[in-house]
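Below is one structure, written out as structure tokens; the observations come after it.
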Amino acid sequence: MAPKVLVSDKLSETAVQIFRDRGIEVDFEPGLGKDKEKLAEVIGKYDGLAIRSATKVTDKLLEHADNLKVVGRAGIGTDNVDKSAASKKGVIVMNTPFGNMITTAEHAIAMMFAVARQIPEASASTHAGKWEKSKFMGVELTAKTLGVIGAGNIGGIVCDRALGLKMKVVAYDPFLSQERADKLGVEKVELEELLKRADFITLHVPLTDQTRNILSRDALEKTKKGVRIINCARGGLVDEEALADLLKSGHVAGAAFDVFSEEPATENPLFNLPNVVCTPHLGAATTEAQENVALQVAEQMSNYLLNGAVENALNMPSVTAEEAKIMGPWVKLAGHLGTFVGQLTNEAIQSIEILYNGTVSKMNLEALNCAAIAGIMQATNPDVNMVSAPVIAKERGIGISTTSQDKSGVFDGYIKLTVKTAERTRSIAGTVFSDGKPRFIQIKGINIDAEIGQHMLYTTNKDVPGIIGTLGNTLGENGVNIANFTLGRSDTGEDAIAMLYLDAPLPTPVQEALKATGLFQQVRPLEFNV
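My numbering puts the first residue of the sequence shown at 14, with every later residue one more than the last.
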């Protein structure tokens, strides 16, 4: 029987035809995504669901999706898909990460021009029959300094276009290597330096715990007087209340926003302020981009449903159906190793070394590499997937090396991941036991046997008496329950580590309380998708 796909958002007729031409039965219901109850009634009939942003794929919807195998998002953002619930349900989530990069970058440049020359206000004034030439005095972009926060795919294109406009470009990105910066032709700086020097600031990072309010009130107050802020990335990156205050005071000369902390944005502190340009999330809204991502998602979903090929998946590596049965636990392990290192690394990564020992060395190492690299990079960019991660790592000048060797040691197979920055080298190793559960077996050269939990706390210290008591007392006094824990040390009185399993994420005040004891070199809460 032919696979059946539901298109519940607006996709082009050409994309819908791709499904039909490939022998897939397709129902094109572009308004259905907004009707949650009706969608839940019918979703059980379909093998695939093709969406844009209007359809919300929630855990409740997935409860009714007994036959669903793949969700394809035409576009990069998957905030409207519960990826964790989809993984548990066995549903692959695909996106199209490269289809709208140019369009979004061009919109940022257009918004920069608009706010520099006050084009929307001048247009409205002229339409009203006024002729207020002296009122709309703008500034040139030529020779101005553009600060780019996030120099990945879209940010890199913005850098290129800005240099073509004869701007000076400074870029802040924890993963931007000097080699990549040189190739882009930009000056790599820290955030504080960017804030002081930039005449224009444009953001091109995803919304994560690390980037939320990256332009906070404190950061905005450190900016150069007369700066103009452009955000075509994600709402929540800028403290909108603080920005509104600084616009009113004159410290910030203008702002151009395509995205807002709450969308649809019917009210916002930035609305109706002078020299603030607002658009309704149009970054990817061009005919070319919409067509590209629609065609791409139709091809990807068809390839998976007919041939088992997995492309641009956010929750599964690119492996064949046969490989997936054997490699599943090892793919999870590789991802967990990367997630561990990624959450601990704040500096630009120079190289990633992956060692495969024993049985795992005979598997699809490319897919395992992708899982490990994606795990590292998802700590700062959750939109990275197992296909795009190696491409982005290469663009950023990160060296990737893989070594495989026959069995050595007590384990039938293991993976060791080593990440190098200019400041330090981190390594972690893991294996899969006969129960199919991934485990960490070595951290910092210290042997350990740690299962992987959703909420964990990692600490390092010198091996002295009282550490366990301090951990237990501090957490207990703050109402944090320890489900389990694992300890390891290199030798008596030398380096020691602890992995604690918690019932919930560790609150920041408790983390600070542990640091305040002065006994720990590192106190790092960790989150894993288990």
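Each residue gets a CB set at the ideal place from its N, CA and C atoms; glycine is no exception.
Because the structure is a prediction, the values reported are computed rather than measured.
- The way I'd put it, the segment 523–542 does touch the segment 454–474; three or more beta-carbon pairs between them come closer than 8 Å.
- In the three-state reduction of the DSSP assignment, L24 falls in the coil class, being assigned neither a helical nor a strand state.
- Excluding the 5 residues flanking it on each side, L357 has same chain C-beta neighbours closer than 7 Å at R439, R537, in chain order.
- Spanning the alpha carbons of L346 and K375 requires a straight line of approximately 16 Å.
- Note: S364 is bridge-paired with G412, K433 in the DSSP secondary-structure output.
- For K475, the three-state secondary structure derived from DSSP is strand.
- Here L513 is bridged, per DSSP, to L470, F498.
- Ranked by Cα distance from T215, the options T68, L378, N166, M125 are led by M125.
- When the alpha-carbon of A402 is set against those of A380, A53, E205, Q418, the nearest one is in A380.
- Between S190 and Q363, the beta carbon gap of about 7 Å places them in contact (Cβ cut-off 8 Å).
- Residue pairing by DSSP puts L159 in a beta bridge opposite V182, F213.
- Of the candidates G112, V289, V432, F533, V432 places its Cα closest to the Cα of F353.
- In this structure Q309 does not touch S25 by the C-beta definition: roughly 11 Å separates them, more than the 8 Å allowed.
- Close CB contacts of F270 within its chain, under the 7 Å cut and outside five residues either way in sequence, are with N244, L283, C291 (chain order).
- In this structure, the CA atom of T372 is about 19 Å from the CA atom of D462.
- R86 is classed as buried because its beta carbon has at least 16 other beta carbons within 10 Å across all chains shown.
- The beta-bridge partner set that DSSP reports for Q455 consists of A442, N460.
- Straight-line measurement puts the Cα of P342 at about 7 Å from the Cα of V445.
- In this structure, the beta-carbon distance from P110 to I132 does not fall below 7 Å.
- Only residues of its own chain outside the window of five on either side were considered, and among them T117, H120, C245, D271 have a CB closer than 6 Å to the CB of G296, listed in chain order.
- Nearest C-alpha to L52 among L19, N80, L256, R33: L19.
- A straight line joining the alpha-carbon of L327 with that of P395 spans about 9 Å.
- K196 and A164 have their C-alpha atoms roughly 12 Å apart.
- DSSP, reduced to helix, strand and coil, places K201 within a strand of the structure shown.
- If you compare the alpha carbons of T499, R33, G355 with that of V397, the shortest gap goes to G355.
- Residue state for S315 is assigned as helix, using DSSP reduced to three classes.
- With respect to the C-alpha of P219, the residue from L250, V265, N359 having the closest C-alpha is L250.
- Taking the C-beta atoms as reference points, G348 is found nearer than 7 Å to A384.
- Collapsing the DSSP output to three states places F41 in a strand.
- Contact annotation: L368 and T416 have beta-carbon atoms nearer than 7 Å.
- The residue among N359, N305, P478 with its C-alpha nearest the C-alpha of A435 is N359.
- G267 is a Cβ neighbour of V128, given a cutoff of 7 Å.
- For C291, the uninterrupted beta strand (DSSP E) segment begins and ends at 289–291.
- Secondary structure of E276 (DSSP, three-state): coil.
- For V536, the enclosing beta strand (DSSP E) starts and ends at 535–540.
- In this structure, the CA atom of K457 is about 47 Å from the CA atom of Y59.
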